[in-house]
Amino acid sequence: MIDLNRRGLMLAAGSAITVSAVGLPVLAATPERKLGYAIVGLGGYGLGIIIPQFKNCQHSKLVALVSGDPVKAKRVAAEYGVPERSIYNYDNFDSIKDNPDIDVVYVCLPVSMHAEYTIRAAQAGKHVMCEKPMAVSSKECEAMIAACKKAGKKLMIGYRCHFEANNLEARRRARAGDIGKLRYFRSEHGFTAGNPNSWRLKKAMSGGGSLMDIGIYALNAARYMTAEEPIAVYAKETTDRNDPRFREVEDMIEFELEFPSGVIASCMSMYSANQNHILLMGDKGRIDMEPGTRYDGNKLWVGQDRSNLITPPPGPGATQWSGQLDHLSLCVINNKEPIVPGEEGLRDIRIVEAIYRSAREQKRIALT
0 MIDLNRRGLM LAAGSAITVS AVGLPVLAAT PERKLGYAIV GLGGYGLGII IPQFKNCQHS
60 KLVALVSGDP VKAKRVAAEY GVPERSIYNY DNFDSIKDNP DIDVVYVCLP VSMHAEYTIR
120 AAQAGKHVMC EKPMAVSSKE CEAMIAACKK AGKKLMIGYR CHFEANNLEA RRRARAGDIG
180 KLRYFRSEHG FTAGNPNSWR LKKAMSGGGS LMDIGIYALN AARYMTAEEP IAVYAKETTD
240 RNDPRFREVE DMIEFELEFP SGVIASCMSM YSANQNHILL MGDKGRIDME PGTRYDGNKL
300 WVGQDRSNLI TPPPGPGATQ WSGQLDHLSL CVINNKEPIV PGEEGLRDIR IVEAIYRSAR
360 EQKRIALT
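Residue 0 is where the sequence shown starts when you use numbering that gives the first Met the number 0, and the numbers rise one by one after that.
And the structure:
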């Protein structure tokens, strides 16, 4: 039997399947139409990153927009061929239930709005892709999962790096033992935050600072690269509260994760410096990624140093985003669970809550 991934994505008997070069299942699409996505939120990510990716998709298409800005929505609809009847705002959002063209709702909103629109989308009878971090609390994550299960709809979290070629190859090589027994993991993720009025720097909208935003990459990478769940965390926050950017949220948090095998993960998130790095050290070598999780330009080295630059096999899609979008579409078509379901986002948020608690109480927190 082929072990498709550590979450046990199993296929029903008789399903057609091939396995990609990076180990992700490529489910056989039916002759059905492409699944239609409604993008909720026309901000920098939804409009600037996700919407242009549909041209790279094989099983997904853009069919609807949800925005509080009718002028922008009409302009975007005209540019991408979305009919005006499929433009919604936040007040009439629930009427998407009457639009059979919409199969999936992709929530690209500030974190504080993720739970509300995921739950409303499920209640409208739609599958949901929700951006990370999943929500501002584990309680909200649990409510999102429950709503989708009650409605019988898929819930997937937008962990794009699970579909990025360098990350997939790094994970494959780590699990294949290419660097021997893994002993240590390190990741630093950060960028220099600018506008103090950005929603990311408002705790009510973001749920937190750098840890919630960019630190989620370091945390999730520690889990998917080691194929383990941490058993304890210790964290320390360093924030200059005189900086107008950090009146409500943290700047730097360093956190250490302990894993059952003895692996230690040392991670850092920050809003005052640019860094993007993942390092795995084994007793026979290292896997080094810098940058590791950017939109483009990621690099991978395997060996004793940076002399052996690896060109990974292609990912499951033309881009990490098209791979992500088509994965959920194929899961809907074939009635399979996504490799990054709501439970994946919930695990991260529970650990995030423990990291914040550790930093606040200045002590080691056991994870259950």
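Where is the CB? At the ideal position from N, CA and C, for every residue including glycine. Remember, predicted model here, so these are calculated numbers, not experimental data.
Problem set entry | Selected residue, minimal CA-CA separation from N194, among V232, G344, Y270 | For the purposes of this step, residue 194 is identified with residue 195 of the sequence shown, where counting begins at 1. Here the closest residue by C-alpha is Y270.
Exercise. From A150 to L366, what does the alpha carbon distance come to, in whole angstroms?
Worked result: The residue given as residue 150 occupies position 151 in the sequence shown. The residue given as residue 366 occupies position 367 in the sequence shown. In a straight line, the C-alpha of A150 is about 31 Å away from that of L366.
Problem set entry | At least three beta-carbon pairs within less than 8 Å, the segment 97–110 to the segment 304–315 | Between the segment 97–110 and the segment 304–315, the count of Cβ pairs shorter than 8 Å is below three; the stretches do not touch.
Exercise. What are the start and end residues of each continuous alpha helix (DSSP H) run of 4 or more residues lying completely inside the segment 239–293, in chain order?
Worked result: Annotation: the segment 239–293 contains no complete segment of the alpha helix (DSSP H) (minimum length 4 residues).
Problem set entry | Enclosing alpha helix (DSSP H) for H188 [first to last residue] | Position 189 of the sequence shown holds residue 188. Looking at the DSSP string, H188 is not in any alpha helix (DSSP H); the run it does join, the beta strand (DSSP E), is 181–191.
For this session: Note down, in chain order, each residue of its chain lying with its Cβ closer than 6 Å to the Cβ of Q323, except the 5 sequence neighbours on either side.
Result: In the sequence shown, the residue the question calls residue 323 occupies position 324. The residues are R159, F162.
For this session: Take N273 as the anchor and find which of F190, P243, N166 has the nearest alpha-carbon.
Result: Reading the sequence shown from its first residue, position 274 is the one you call residue 273. Ranking F190, P243, N166 by Cα distance to N273 puts F190 first.
For this session: Inspect the beta-carbon positions of M143 and V339 and report whether they are closer than 7 Å.
Result: Stepping through the sequence shown from its first residue, residue 143 is reached at position 144. Stepping through the sequence shown from its first residue, residue 339 is reached at position 340. Their beta carbons are not under 7 Å apart, which means M143 does not touch V339 by this criterion.
For this session: Could you check what DSSP says for M133 in three-state terms: helix, strand or coil?
Result: Reading the sequence shown from its first residue, position 134 is the one you call residue 133. Coil.
For this session: Reducing DSSP to helix, strand and coil, say where H58 ends up.
Result: Stepping through the sequence shown from its first residue, residue 58 is reached at position 59. In the structure shown, H58 adopts coil according to DSSP, grouped into three states.
For this session: Please confirm whether Y116 and V39 have their CB atoms less than 7 Å apart.
Result: As a first step, residue 116 is located in the sequence shown; it is residue number 117 there, counting from the start. As a first step, residue 39 is located in the sequence shown; it is residue number 40 there, counting from the start. Yes.
For this session: Take A173 and list the residues in its own chain whose beta-carbon comes closer than 7 Å to its own, dropping the five residues that flank it on each side.
Result: Here residue 173 refers to the residue found at position 174 when the sequence shown is read from its first residue. Excluding residues within five positions, the ones whose Cβ falls inside 7 Å are L181, M224, L279, I286.
Exercise. If you check the beta carbons only, do I412 and G291 fall under 7 Å apart?
Worked result: Beyond the ends of the chain as shown, which are 0 and 367, falls residue 412; an answer cannot be given.
Exercise. Beta-carbon separation of I350 and G284 under 7 Å?
Worked result: Translated into the one-based positions of the sequence shown, residue 350 becomes position 351. Translated into the one-based positions of the sequence shown, residue 284 becomes position 285. Going by C-beta atoms, I350 is not nearer than 7 Å to G284.
Exercise. Which residues mark the beginning and the end of the alpha helix (DSSP H) in which W198 is found?
Worked result: Here residue 198 corresponds to residue number 199 of the sequence shown, with the count starting at 1. First-last for W198: undefined, no H or E at that position.
Exercise. Taking only runs of the beta strand (DSSP E) that begin and end inside the segment 105–184, which ones reach a length of at least 3 residues, in chain order?
Worked result: Those beta strand (DSSP E) runs which fall completely within the segment 105–184 and span 3+ residues are 126–129, 154–156.
Exercise. Per DSSP, what kind of secondary structure is Y89 in: helix, strand or coil?
Worked result: On the sequence shown, residue 89 is found 90 positions in, with the first residue counted as 1. Y89: coil per DSSP, three-state reduction.
Problem set entry | C-alpha gap between G208 and Q361, whole angstroms | Looking up residue 208 in the sequence shown gives position 209. Looking up residue 361 in the sequence shown gives position 362. Rounded to whole angstroms, G208 to Q361 spans 18 Å at the Cα level.
For this session: Compare the C-alpha of N297 against each of N275, P312, D282 and name the closest.
Result: Here residue 297 refers to the residue found at position 298 when the sequence shown is read from its first residue. Ranked by Cα distance from N297, the first of N275, P312, D282 is N275.
For this session: Less than 8 Å between the CB atoms is what I'm expecting for L200 and E247, so what's the real figure, rounded?
Result: Locating residue 200 in the sequence shown gives position 201, where the first residue counts as 1. Locating residue 247 in the sequence shown gives position 248, where the first residue counts as 1. Contact between L200 and E247 holds: CB atoms are separated by about 7 Å, below the 8 Å threshold.
Exercise. What's the C-alpha gap between K148 and E141?
Worked result: Here the question's residue 148 lines up with position 149 in the sequence shown. Here the question's residue 141 lines up with position 142 in the sequence shown. Rounded to the nearest angstrom, the two C-alpha atoms are 11 Å apart.
Problem set entry | Test item: CB-CB of P82 and V110 under 7 Å | As a first step, residue 82 is located in the sequence shown; it is residue number 83 there, counting from the start. As a first step, residue 110 is located in the sequence shown; it is residue number 111 there, counting from the start. Going by C-beta atoms, P82 is not nearer than 7 Å to V110.
Exercise. In terms of alpha-carbon separation, which member of A175, H113, E253 lies closest to E139?
Worked result: Along the sequence shown, one-based indexing puts residue 139 at 140. The shortest CA-to-CA distance from E139 to any of A175, H113, E253 is the one to H113.
For this session: State the DSSP-derived secondary structure class of K235, mapped to helix, strand or coil.
Result: Residue mapping note: residue 235 aligns to position 236 of the sequence shown, counting from 1. For K235, the secondary structure class from DSSP, reduced to helix, strand or coil, is strand.
For this session: Please list, in chain order, all residues of the same chain as A353 whose beta carbon is under 7 Å from its beta carbon, the five residues on each side excluded.
Result: In the sequence shown, counting from the first residue as 1, residue 353 sits at position 354. Excluding residues up to 5 positions away in sequence, V232, I364, L366 lie with their Cβ nearer than 7 Å to the Cβ of A353 in the same chain.
For this session: Would you kindly work out how many angstroms separate the C-alpha atoms of R240 and N196, rounded to a whole number?
Result: Mapped onto the sequence shown, residue 240 falls at position 241. Mapped onto the sequence shown, residue 196 falls at position 197. Going from the Cα of R240 to the Cα of N196 covers about 15 Å.
Exercise. What are the start and end residues of the alpha helix (DSSP H) that includes G35?
Worked result: Numbered from 1 along the sequence shown, position 36 holds the residue referred to as residue 35. That residue, G35, is in no alpha helix (DSSP H); its beta strand (DSSP E) goes 34–39.
For this session: Leaving aside the five residues before and after W320 along the sequence, list all residues of the same chain whose C-beta is less than 7 Å from its C-beta, in chain order.
Result: The residue given as residue 320 occupies position 321 in the sequence shown. These residues qualify, in order along the chain: I48, I49, Q52, R159.
Problem set entry | Close Cβ partners of A134 (< 7 Å) along its chain, the five nearest in sequence each way excluded | On the sequence shown, position 135 is the one that residue 134 refers to. So the qualifying residues of the chain are V110, H113, A114, C140, M143, I348.
Problem set entry | Option in L41, I230, A317 with minimal Cα separation from S260 | As a first step, residue 260 is located in the sequence shown; it is residue number 261 there, counting from the start. Nearest of L41, I230, A317 to S260, Cα basis: I230.
Problem set entry | Assumed close pair H126, K153 - CB separation to whole angstroms, cut-off 8 Å | For this step, residue 126 is matched to residue 127 along the sequence shown. For this step, residue 153 is matched to residue 154 along the sequence shown. Right, their Cβ atoms sit about 4 Å apart.
Problem set entry | Beta-carbon gap between S94 and V62 smaller than 7 Å | The residue labelled residue 94 in the question sits at position 95 within the sequence shown. The residue labelled residue 62 in the question sits at position 63 within the sequence shown. In this structure, S94 keeps its C-beta atom at 7 Å or more from the C-beta atom of V62.
Exercise. Where do the ends of the beta strand (DSSP E) carrying V301 lie?
Worked result: Numbered from its first residue, the sequence shown carries residue 301 at position 302. 299–302 is the span of the beta strand (DSSP E), which, as asked, contains V301.
For this session: Check the Cβ-Cβ distances between E257 and every residue of chain D, and say whether any is below 7 Å.
Result: No chain D is present in this structure, which holds just one protein chain.
For this session: Classify A365 as helix, strand or coil using the three-state DSSP reduction.
Result: Within the sequence shown, numbered from 1, the residue matching residue 365 stands at position 366. A365: strand per DSSP, three-state reduction.
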